[in-house]
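In this note's numbering, the protein residues as written are 89 to 817. Inspection log for the structure reproduced underneath, given as structure tokens.
Below, the structure written as structure tokens:
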């Protein structure tokens with residue numbers, strides 16, 4: 089085994105030759121074998137012994153990861169390899185497959201140029217496989233495929249050679265369908281997966297072997313040989329000829345692009361600045377001599393070193409003592425040390441060069457998705473994670489003396505994990521943590537108690553609802569408390585196309601700068617006049633100025649935006665977030681003296697009529713749902729469907745293969761608590777299930793009043809929601 093410092097020296101030497109660098113993430117559905125596969129690659133670089141590979145889980149260095157046997161964070165490691173007498177540097181990121189940790193996958197995609205998609209041959213393409221592949225293609229990361237657990241097809245499912253090949257074809261067709269739907273148009277043909285191209289390999293990560301078309305030709309291994317050796321259990325025969333690390337590295341080196349090639353087509357999509365500027369040119373060329381520009385895709389909070397930013401550098405280089413401009417803070421910060429990650433260990437390095445991934449220590453207040461540069465530049469596009477927090481718990485320190493420490497810990501954790509939302513309930517003073525699911529919050533709690541040593545009390549999990557409207561209402565006029573100002577509003581549902589464009593990030597949230605996005609908004613379904621006069625896009629709602637020639641209006645614009653944001657952050661029905669609403673200001677009368685139109689006058693004059701309009705427009709609740717896929721023996725399928733129906737599930741489809749039934753349903757998150765116990769009960773423990781975020785859907789009419797009452801009472805509000813008239817007085 090090589091010493092890590094020695095490996096860093098090797099890595100440092102290789103950094104400057106961008107042709108021989110590959111930035112790669114290993115992605116998959118949970119339990120399809122990513123971490124086991126990563127271990128074999130780490131063993132190849134001499135960091136752990138070959139015998140331990142697959143059991144070591146070197147990338148799962150978190151106590152919870154080792155205990156639960158799943159990957160929670162995206163871990164990264166830089167490895168040097170020799171292939172065909174050339175030295176290559178592979179920056180490898182192992183990502184989680186569990187749906188609750190999808191945010192870590194999204195962020196890893198920004199840092200890499202290619203992905204190895206691992207698919208379990210027994211289970212095939214699962215919901216999360218599709219999600220991670222879609223995310224990779226969206227960030228323009230090129231895929232290659234590794235079909236894992238081939239030995240199980242032969243020994244457990246007893247498939248013959250023909251049935252196995254049929255199964256591979258089915259997986260390939262599914263992957264290519266996604267590539268043709270989501271890959272950049274000019275790359276579709278090149279990125280399609282086929283056995284002849286060699287961008288797919290088959291094998292068993294656990295038994296440490298794999299084959300691709302080139303290794304089968306080179307070692308003269310036939311499909312029949314593999315079949316026979318798996319039946320007899322002689323994996324050593326295949327490992328000796330075609331070990332998994334060789335096959336995988338060859339595939340990564342031959343079929344995934346070096347940074348310079350990838351940045352030429354990735355930068356124009358990820359960065360909206362001028363490609364012909366000095367910065368644009370140096371990123372397209374991945375030039376170490378150019379301006380320093382990078383994106384932080386991970387933050388690790390270290391007790392000794394403070395915040396450590398994990399950064400993909402697109403151009404320039406960074407060494408100890410350099411000053412970097414942090415875009416969102418509009419300030420410079422000094423780099424105290426640069427390092428390379430080896431799984432859990434950070435090993436100091438001399439400098440990090442363009443096209444590489446490194447760790448920067450000493451940057452103050454750096455966030456995930458942050459643009460870092462030597463001089464101020466246009467920031468990169470936000471990193472979009474398409475799921476939303478759906479479960480909330482209140483959290484408090486067991487002893488009041490720990491309160492300050494808890495606040496500090498929550499701040500640190502929410503920097504490391506932007507999919508976790510931490511909010512303070514102003515009225516009750518309690519902190520709320522919202523996450524992707526029960527497991528996500530459980531692990532955060534474990535971390536606070538055991539790693540950060542703060543004893544906490546948490547509430548049972550609560551579902552996060554949204555409010556929206558079904559019709560149009562207004563104009564309704566609001567008067568300021570001093571009666572000197574009047575504002576008139578209309579609200580109506582946001583066109584579906586606009587909503588979709590905001591969710592997928594085509595139209596960014598916030599206050600529009602200049603004329604950007606006008607054409608996109610029109611294309612999505614807004615009228616040209618509306619698209620040109622947008623005040624604000626906030627939480628999937630739009631605020632439009634529909635007036636003409638009103639005096640002093642520009643002087644109260646900021647205050648009206650504040651009132652609009654307050655109204656949609658906490659809706660009138662149950663103080664939940666409002667989404668999908670278009671608010672238009674249609675008329676205004678303002679006092680000439682600005683002393684009579686300060687915040688105390690203008691914010692309520694905006695907020696109250698918007699509330700009245702929302703209540704008049706038929707306000708209702710939306711709830712988060714998950715797609716749930718259940719596999720169980722055929723005999724139990726009826727009971728499983730009855731059980732999901734009893735929890736307001738909606739059957740999407742059912743397939744049968746041999747003795748196994750696969751049931752697809754859409755389930756409300758509110759009905760998922762305790763789901764696994766019930767499922768175990770009706771199937772005698774013989775079912776496996778997976779879930780995936782599916783979005784927000786309308787709550788059935790008959791349940792809305794009861795739910796609204798529950799949510800209001802939980803928040804200490806009167807059980808009955810107010811009427812529109814209440815806000816018009």
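Glycine included, C-beta positions come from ideal geometry on N, C-alpha and C.
Beta-carbon proximity check, residue 518 vs residue 484, cutoff 8 Å: As a working mapping, residue 518 is identified with position 430 in the chain shown. As a working mapping, residue 484 is identified with position 396 in the chain shown. Cβ distance < 8 Å, so residue 518 and residue 484 count as in contact.
Exposure label - residue 705; buried when at least 16 CB within 10 Å: One-based indexing of the chain shown puts residue 705 at position 617. It is buried - the Cβ of residue 705 has at least 16 other Cβ atoms within 10 Å.
Say whether the stretch 748-759 touches the stretch 698-714, bearing in mind that this needs 3 or more beta-carbon pairs closer than 8 Å, one atom from each stretch. yes
Our contact map puts residue 272 next to residue 353 with C-beta atoms below 8 Å; I'd like the distance itself, whole angstroms only. For the purposes of this step, residue 272 is identified with residue 184 of the chain shown, where counting begins at 1. For the purposes of this step, residue 353 is identified with residue 265 of the chain shown, where counting begins at 1. Yes, they are in contact, since the Cβ atoms of residue 272 and residue 353 sit about 7 Å apart, within 8 Å.
8 Å Cβ cutoff met for residue 201 and residue 111: Along the chain shown, one-based indexing puts residue 201 at 113. Along the chain shown, one-based indexing puts residue 111 at 23. A contact, by the Cβ cut-off of 8 Å.
Nearest-angstrom Cα separation, counted from residue 375 out to residue 447: By one-based count along the chain shown, residue 447 stands at place 359. By one-based count along the chain shown, residue 375 stands at place 287. Rounded to whole angstroms, residue 447 to residue 375 spans 19 Å at the Cα level.
Per the DSSP calculation, residue 441 is bridged to which residue(s)? Locating residue 441 in the chain shown gives position 353, where the first residue counts as 1. Residue 441 is bridged to 405.
Please work out which residues of its chain come closer than 6 Å, Cβ to Cβ, to residue 590, disregarding the five sequence neighbours upstream and downstream, and give them in chain order. As a working note, residue 590 is residue 502 in the chain shown. If we look at residue 590 and ignore the five residues flanking it on each side, its Cβ neighbours are 628.
Leaving aside the five residues before and after residue 355 along the sequence, list all residues of the same chain whose C-beta is less than 8 Å from its C-beta, in chain order. Here residue 355 corresponds to residue number 267 of the chain shown, with the count starting at 1. Counting only Cβ-Cβ distances below 8 Å, and skipping sequence neighbours, we find 363, 368, 371, 372 and 402.
As a quick exercise: from 655, 671 and 662, pick the residue whose alpha carbon is nearest that of residue 692. Mapped onto the chain shown, residue 692 falls at position 604. Minimum Cα distance to residue 692 is reached at 655.
Neighbourhood of residue 611 by C-beta distance below 6 Å, restricted to the same chain and skipping five residues each side: Here residue 611 corresponds to residue number 523 of the chain shown, with the count starting at 1. Answer for residue 611: no residue qualifies.
From which residue to which residue does the alpha helix (DSSP H) around residue 222 run? On the chain shown, position 134 is the one that residue 222 refers to. 215-226 is the span of the alpha helix (DSSP H), which, as asked, contains residue 222.
Can you tell me where the alpha helix (DSSP H) with residue 795 in it begins and where it stops? As a first step, residue 795 is located in the chain shown; it is residue number 707 there, counting from the start. Counting along the chain, the alpha helix (DSSP H) containing residue 795 begins and ends at 792-802.
From what residue to what residue does the beta strand (DSSP E) around residue 675 run? Indexing the chain shown from 1 puts residue 675 at position 587. Segment 669-677, the beta strand (DSSP E) holding residue 675.
Please list, in chain order, all residues of the same chain as residue 252 whose beta carbon is under 6 Å from its beta carbon, the five residues on each side excluded. The count along the chain shown starts at 1 and reaches residue 252 at position 164. Once the five neighbours on either side are set aside, the close Cβ partners of residue 252 are 241.
When DSSP labels each residue in this structure, what does residue 242 get in the three-state scheme? Residue mapping note: residue 242 aligns to position 154 of the chain shown, counting from 1. In this structure, residue 242 counts as helix in the three-state DSSP scheme.
Cβ of residue 199 less than 8 Å from any chain D Cβ? Among the chains in the structure shown there is no chain D, since it carries only a single protein chain.
Sort out for me which residues DSSP pairs residue 593 with in a bridge. As a first step, residue 593 must be located in the chain shown, where it is residue number 505. Answer by DSSP bridge pairing: none, since residue 593 is not bridged.
Quick one: Cα of residue 684 to Cα of residue 569, how far? As a working note, residue 684 is residue 596 in the chain shown. As a working note, residue 569 is residue 481 in the chain shown. Using only the alpha carbons, I get a separation of about 10 Å.
Look at the Cβ atom of residue 170, then the Cβ atom of residue 208, and state whether they are nearer than 8 Å. Start at 1 with the first residue of the chain shown, and residue 170 comes out as number 82. Start at 1 with the first residue of the chain shown, and residue 208 comes out as number 120. Their beta carbons are not under 8 Å apart, which means residue 170 does not touch residue 208 by this criterion.
Tell me which residues share the same chain as residue 424 and place their Cβ nearer than 6 Å to its Cβ, disregarding the 5 neighbours each side in the sequence. The sequence position of residue 424 within the chain shown is 336, counting from 1. If we look at residue 424 and ignore the five residues flanking it on each side, its Cβ neighbours are 449 and 450.
Spatial neighbours of residue 351 within its chain, please: C-beta separation below 7 Å, excluding the five flanking residues on both sides. As a working note, residue 351 is residue 263 in the chain shown. Closer than 7 Å at the Cβ level, and outside the excluded window around residue 351, lie 371, 372, 374 and 402.
CA nearest to the CA of residue 418, picked from 455, 499 and 671: For the purposes of this step, residue 418 is identified with residue 330 of the chain shown, where counting begins at 1. That would be 455, whose Cα lies nearest to the Cα of residue 418.
Would you please state the rounded distance, in angstroms, between the beta carbons of residue 781 and residue 478? I believe it to be under 8 Å. As a first step, residue 781 is located in the chain shown; it is residue number 693 there, counting from the start. As a first step, residue 478 is located in the chain shown; it is residue number 390 there, counting from the start. Sure, about 7 Å apart at Cβ, within 8 Å.
For residue 307, count neighbouring C-beta atoms within 10 Å of its own C-beta (all shown protein chains included) and say buried if the count is 16 or more, exposed if not. What you label residue 307 is simply residue 219 of the chain shown in a count that begins at 1. Looking at its Cβ environment, which holds fewer than 16 other Cβ atoms inside 10 Å, residue 307 is exposed.
Which two residues bound the contiguous beta strand (DSSP E) that contains residue 509? Stepping through the chain shown from its first residue, residue 509 is reached at position 421. Element bounds for residue 509: 509-512.
From residue 688 to residue 491, what distance separates their C-alpha atoms? Locating residue 688 in the chain shown gives position 600, where the first residue counts as 1. Locating residue 491 in the chain shown gives position 403, where the first residue counts as 1. Approximately 32 Å, taken between the alpha carbons.
Three-state class that DSSP yields for residue 825 in the structure shown: Outside the shown range of the chain, which is 89 to 817, sits residue 825, and nothing can be said about it.
Rounded separation between residue 249 and residue 311 - CA only: Within the chain shown, numbered from 1, the residue matching residue 249 stands at position 161. Within the chain shown, numbered from 1, the residue matching residue 311 stands at position 223. If you take the alpha carbons of residue 249 and residue 311, they lie about 8 Å apart.
Please classify residue 200: does DSSP put it in a helix, a strand, or coil? Sequence index remark: in the chain shown, residue 200 carries index 112 (1-based). Coil.
Identify the residues that DSSP records as bridge partners of residue 460: which are they? Within the chain shown, the letter at position 372 stands for residue 460. BP columns for residue 460 point to 382 and 414.
In chain order, each alpha helix (DSSP H) run of at least 4 residues that lies wholly inside the stretch 696-760: 725-734
By the 10 Å Cβ neighbour count, where 16 or more other Cβ atoms means buried, how is residue 468 classified, buried or exposed? Start at 1 with the first residue of the chain shown, and residue 468 comes out as number 380. The residue is buried, with at least 16 neighbouring Cβ atoms inside 10 Å.
Give the range of the alpha helix (DSSP H) segment to which residue 571 is assigned. As a working note, residue 571 is residue 483 in the chain shown. Premise fails: residue 571 is in no alpha helix (DSSP H) and is neither H nor E.
Sorted by chain position, which residues of the same chain lie with C-beta nearer than 7 Å to residue 438's C-beta, five sequence neighbours on each side aside? On the chain shown, position 350 is the one that residue 438 refers to. So the qualifying residues of the chain are 100 and 407.
Taking 8 Å as the threshold, find out whether the stretch 618-628 comes into contact with the stretch 645-654 through three or more Cβ pairs. yes
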